[in-house]
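One structure below.
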Amino acid sequence: MIVAGNTLRESVRDKVLYVLLLFAATSILGSKALGWISVGQDIKIVRDFCLASMSVFGALISIFIGASLLYKEMDKKTLYTILSQPLRRHEFVLGKYAGLMALIAVTLAAMAVSSGAYLLVLGSAPDVSFLQAVLLTFMKLALVTALAVLLSAATSPILGALIVFSAYVFGHATGVLRDLPPHFDGTFAKGLLEAAYYVIPNLSNFSIQSEAANGVAVAWAYVGWAVLYGALYTAALLAVACLAFERKDL
Amino acid sequence: MTAPARARPGRAALLWLLAAALCYAATIPAQRAADRLRPPLRDEVLYLPNEKLLTHFTAGLAPVIADLLWLRCVQYTALENRGARSFTWLEQMIFTTTRLDPRFKGVYRYGAIFLSALRADSEAAMRLLRTGMVEVPDAWELPYEAAIIQLVNRRGAPDAERLTAFYCGMAVATGRPPAFVAELASRFQAKQDLSGIEEGMWRRMLESDDKVMRELAARKLQEMAILRNLHTMEKWVEEYRARHGAPPDTLEALLAFKGAKALPPDPLGGRYFLGPEAKPMNSTMLDTETARELGMLRRRVEEFRNTRGAFPGSLEELARETGMKRVPEHPWPGRSWKYNPATGTVE
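The listed protein sequences derive, respectively, from chains X and V.
Going by the working numbering, the first residue of the first sequence is number 2, and it counts up by one from there.
Going by the working numbering, the first residue of the second sequence is number 7, and it counts up by one from there.
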């Protein structure tokens with residue numbers, strides 16, 4: 002808890018956070034201007050931009066802060082002081098993760114509340130699918146942050162950030178590994194690619210922005226399975242991160 | 007010797023801001039110079055060879071990209087409507103947008119209106135609406151627009167009335183339509199005042215918040231006023247023929263026959279005249295029809311080349327090979343299409 006609290010306080014002082022939040026606020030508020038030439042689709046466009054801002058800027062916060070989370074402690078040698086206390090290494094990793102997730106939860110909640118208020122001002126109350134989309138965005142960010150923390154324990158911040166960013170983009174495109182053209186049927190490549198479909202984190206599970214923006218109901222059962230998938234994958238990544246940090250030669 | 011006095015912090019900040027503003031201001035003429043030197047694009051560069059793949063690689067931003075593409079589509083439609091009126095890329099843009107966000111109801115609805123009312127491509131509009139009805143089954147607007155297309159664009163086709171009734175029924179069956187849709191369904195069944203129904207639709211659109219839709223509705227209402235005048239003139243010609251045994255030679259003779267000094271002016275700046283066999287005509291409507299037919303022929307020629315690798319040898323071959331019943335006649339009396347098989351241009 003102490004590590005998490007310190008991480009939260011430290012992250013709040015990071016200027017990158019405020020730059021990203023400023024960009025998020027600008028894109029949310031500016032989306033109304035795009036709606037002026039959309040032939041009556043302005044509310045839909047504002048909803049799309051609100052949800053996309055939460056997802057993209059939340060992911061950027063995860064990547065920029067998460068990828069240097071453990072590395073920074075090692076680089077500044079503050080880690081040795083911390084680990085000299087009665088604290089196990091995995092507790093330290095999980096504490097750092099919890100601190101960053103608290104920050105992400107606060108920023109996501111701030112963006113969701115301000116988006117909801119903005120939509121209310123524009124005459125469209127956020128509905129259940131909007132809240133479901135925010136919840137799944139949080140789960141996506143939890144997974145992305147876990148990957149960033151894992152890489153922070155294993156590689157340099159720049160390399161880690163690049164890998165997490167690539168995983169973020171490709172994680173939304175795993176559908177291509179499943180929807181293969183018919184000429185792949187019965188081939189070894191099809192089996193391999195299908196296996197890859199289950200190995201790579203499937204971030205499109207958490208993308209229900211289209212449904213939320215168009216007011217289409219999403220079954221709670223789907224949301225439940227997606228949350229479970231995200232929680233399990235996150236737990237797996239954190240376990241590997243703890244393992245990597247336990248075995249790291251400091 | 008004394009050290010030079012340092013500028014005060016506030017003044018220094020002001021100087022930096024001034025320098026930044028000057029540098030920024032200088033970028034504008036630089037940009038304009040660059041724009042002058044770079045030749046403008048000859049056509050829209052929005053051809054996306056496989057939007058299904060694009061959907062996968064948007065990093066979860068497909069709905070936002072669909073929004074941006076729709077905005078571009080609205081701008082493109084407005085520009086084309088005021089210019090060449092060929093709408094070459096309209097269908098591609100609309101279908102790509104729906105592929106990126108299959109539940110984007112507004113694109114199905116307004117895209118179909120653009121395709122049918124501006125590009126005069128009711129087939130593409132109906133394809134779009136049918137896709138939309140599957141993706142957004144509870145939207146009354148989509149079957150309603152399908153009914154209007156049957157009523158307005160396919161008027162006279164043997165199955166148009168049956169399909170209008172069918173789509174009206176679908177709109178009512180969603181359980182969500184406003185009162186005027188239910189009224190439309192009942193009025194249609196009674197087969198009363200179909201042009202009044204069309205006019206009512208455009209009048210409702212005239213109250214739209216969107217400028218493009220208001221412009222479209224205003225134009226359509228003006229065209230309807232012209233068509234009403236032409237219809238009245240046709241009746242006068244018939245009366246003239248019944249009285250004199252022959253049609254009038256000139257418009258003035260027709261007006262004198264009815265004791266009218268002049269016709270109401272064409273709101274779009276055109277003129278009325280009598281064509282072959284004293285058929286009342288209007289230059290605005292003929293120009294509009296010519297632009298539509300020309301656009302359709304050019305699209306068909308392009309499609310022919312895309313599928314067969316060469317331009318058709320003649321417009322007759324184009325009609326034969328692409329399922330058209332015949333080459334449409336030039337709307338203006340005494341004029342004909344000029345086709346160049348070497349370049350595929352239709353004028």
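For glycine and all other residues, C-beta sits at the position ideal for the given N, C-alpha and C.
Could you check where the beta strand (DSSP E) with residue i kicks off and where it finishes?
i      : result
V/F279 : 278-280
V/N288 : 286-288
Comparing C-alpha positions only, which one of the options sits nearest to residue i?
i      : options                        : result
V/R105 : V/G206, V/M132, V/P69          : V/P69
X/A237 : X/L70, X/I201, X/D76, X/V224   : X/I201
X/L104 : X/Y72, X/F139, X/A134, X/A232  : X/F139
V/F310 : V/T351, V/F101, V/Y30          : V/T351
V/T238 : V/R249, V/A266, V/W343, V/A252 : V/A266
X/A197 : X/I3, X/L178, X/M75, X/G36     : X/L178
V/E335 : V/W242, V/M302, V/M132         : V/M302
V/F279 : V/L257, V/L222, V/F120, V/F263 : V/L257
V/R160 : V/P184, V/A130, V/V142, V/R305 : V/A130
V/P282 : V/L300, V/A248, V/P337         : V/P337
V/N346 : V/L24, V/S320, V/M219, V/G16   : V/S320
X/A53  : X/S12, X/G96, X/Y199, X/S205   : X/S205
V/R115 : V/L96, V/S92, V/A145           : V/A145
X/V224 : X/L132, X/K249, X/G172, X/F185 : X/L132
V/A84  : V/Q98, V/L260, V/E221          : V/E221
V/G89  : V/A26, V/A118, V/T294          : V/T294
X/R14  : X/A34, X/I62, X/L233, X/G96    : X/I62
Using a Cβ-Cβ cut-off of 6 angstroms (strictly less than) and excluding sequence neighbours within five positions of residue i, which residues of its own chain qualify?
i      : result
V/S289 : G276, R277
X/Y72  : S153, P158
V/M7   : Because V/M7 sits at a pLDDT of 44, beneath the cut-off of 50, its placement in the model cannot be relied upon, and the following sentence gives the value as read from the coordinates. Correct list: empty, nothing qualifies.
V/T121 : Per the sequence shown, the amino acid found at residue 121 of chain V is Leu instead of Thr. These residues qualify, in order along the chain: D127, A130, A131.
X/L229 : none
V/D73  : none
V/Q228 : P273, L274
X/T175 : Y198, I201, N203
X/F185 : K191
V/Y53  : Here V/Y53 scores only 46 on pLDDT, less than 50, and its place in the model is too uncertain to base an answer on.
Need the endpoints of the alpha helix (DSSP H) that residue i sits in, please.
i      : result
V/N235 : 217-250
V/W343 : That residue, V/W343, is in no alpha helix (DSSP H); it is neither H nor E in DSSP.
X/G225 : 221-248
X/S54  : 43-67
V/A397 : Any question about residue 397 of chain V goes unanswered here, given that chain V covers just 7 to 353.
V/F101 : 96-106
V/P69  : 68-88
X/S153 : 129-155
V/F263 : 257-264
V/E327 : 321-327
X/I38  : Per DSSP, X/I38 belongs to no alpha helix (DSSP H) and is neither H nor E.
V/G138 : 128-141
X/N7   : 3-13
X/R90  : 90-122
V/Q358 : It is not possible to answer for residue 358 of chain V, since the shown part of chain V is limited to 7 through 353.
V/A118 : 111-119
X/E74  : 70-76
V/L269 : V/L269 -> no alpha helix (DSSP H), and no H or E assigned at all.
Residues in the same chain with beta-carbon distance under 7 angstroms from residue i, minus the five sequence neighbours each way, listed in chain order, please.
i      : result
V/L236 : P286, N288
V/S226 : The sequence shown places Lys at residue 226 of chain V, rather than the Ser named in the question. Once the five neighbours on either side are set aside, the close Cβ partners of V/K226 are A123, W208.
V/E240 : P286
X/L181 : K191, L194
V/Q156 : A166, L169, T170, Y173
X/A60  : L142, V145, Y169
X/L327 : Outside the shown range of chain X, which is 2 to 251, sits residue 327 of chain X, and nothing can be said about it.
X/T235 : A143, L144, A147
Please work out which residues of its chain come closer than 8 angstroms, Cβ to Cβ, to residue i, disregarding the five sequence neighbours upstream and downstream, and give them in chain order.
i      : result
V/Q198 : Caution is warranted here: a pLDDT of 45 is assigned to V/Q198, below 50, making its placement in the model unreliable, and no coordinate value can be reported.
X/L30  : Y119
V/A231 : P270, P273
X/W246 : Residue identity differs from the one stated: residue 246 of chain X is Phe in this sequence, not Trp. Answer for X/F246: L71, R90, H91, F93, V94, A154, listed in chain order.
V/R48  : Confidence in V/R48 is poor, its pLDDT being 48 and thus under 50, which makes the residue's placement unreliable; the coordinate value appears in the next sentence. Closer than 8 angstroms at Cβ, skipping near neighbours: no residue.
X/S130 : I209, E212, A213, G216, V217, A218, V219
V/A188 : V178
V/G16  : none
Between the region 79-89 of chain X and the region 43-60 of chain X, do at least 3 Cβ pairs fall closer than 8 angstroms? no
At least three beta-carbon pairs within less than 8 angstroms, the region 137-154 of chain V to the region 169-178 of chain V: yes
For the 8 angstroms Cβ check, are there 3 or more pairs between the region 104-123 of chain X and the region 189-201 of chain X? No, they do not touch.
Hey, is the region 52-69 of chain X in contact with the region 157-171 of chain X, meaning 3+ C-beta pairs nearer than 8 angstroms? yes
Alpha helix (DSSP H) runs wholly inside the region 165-217 of chain X, at least 4 long, in chain order: 176-179, 189-200, 210-214
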